[in-house]
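Visitor: Supplied in structure tokens, the structure appears directly below.
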Amino acid sequence: HFILPFIIAGLTMMHLLFLHQTGSSNPTGLNPNTDKTPFHTYYTYKDVTGFIILLLALIILSTFAPNLLGDPDNFTPANPLVTPPHIKPEWYFLFAYAILRSIP
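Counted from 1, the sequence shown has number 1239 at position 10 by the working numbering; the numbering is strictly sequential.
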């Protein structure tokens, strides 16, 4: 079953090779070359601009308000002599916590 992704990838590459050599066809028979926007000059710059804006927003947020999205329990000082009465893990560890609790 591990060979199936490689077979699918090979068939996909063959399909792309044949499509590149012969060109794709239009079932209506009309010329599809009207009203097209080139990808590189418009969408590339648009995507790069959006990425830079979001990156700057994240940098500003993490620089000027680093504790804004933090968990409030992380700001209480730790006492190594007292264990909390109920320790609850994060949501992504709850399955392992349930397994550990089921073992006597």
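Think of the CB as a built atom: it goes at the ideal place given N, C-alpha and C, for glycine as much as any other residue. Owing to the predicted nature of the structure, the values given are computational and were not obtained by experimental measurement.
The alpha helix (DSSP H) that contains His1244, what's its start and end?
Guide: Residues 1233 to 1251.
Visitor: Going straight from the alpha carbon of Asn1255 to that of Ala1238, what length do you get?
Guide: Between Asn1255 and Ala1238, the C-alpha separation is close to 25 Å.
Visitor: Note down, one range per segment and in chain order, each alpha helix (DSSP H) of at least 4 residues found wholly within the stretch 1256 to 1330.
Guide: Listed in chain order, the complete alpha helix (DSSP H) runs (minimum 4 residues) inside the stretch 1256 to 1330 are 1274 to 1293.
Visitor: Round the Cβ separation of Leu1290 and Leu1297 to the nearest angstrom and send it over; I've been treating them as touching at under 8 Å.
Guide: Contact flag correct, Cβ pair sits at about 7 Å.
Visitor: Rounded to a whole number of angstroms, what is the C-alpha to C-alpha distance between His1269 and Thr1278?
Guide: Whole-angstrom Cα-Cα distance: 13 Å.
Visitor: How long is the line joining the alpha carbons of Gly1252 and Tyr1321, rounded to whole angstroms?
Guide: If you take the alpha carbons of Gly1252 and Tyr1321, they lie about 47 Å apart.
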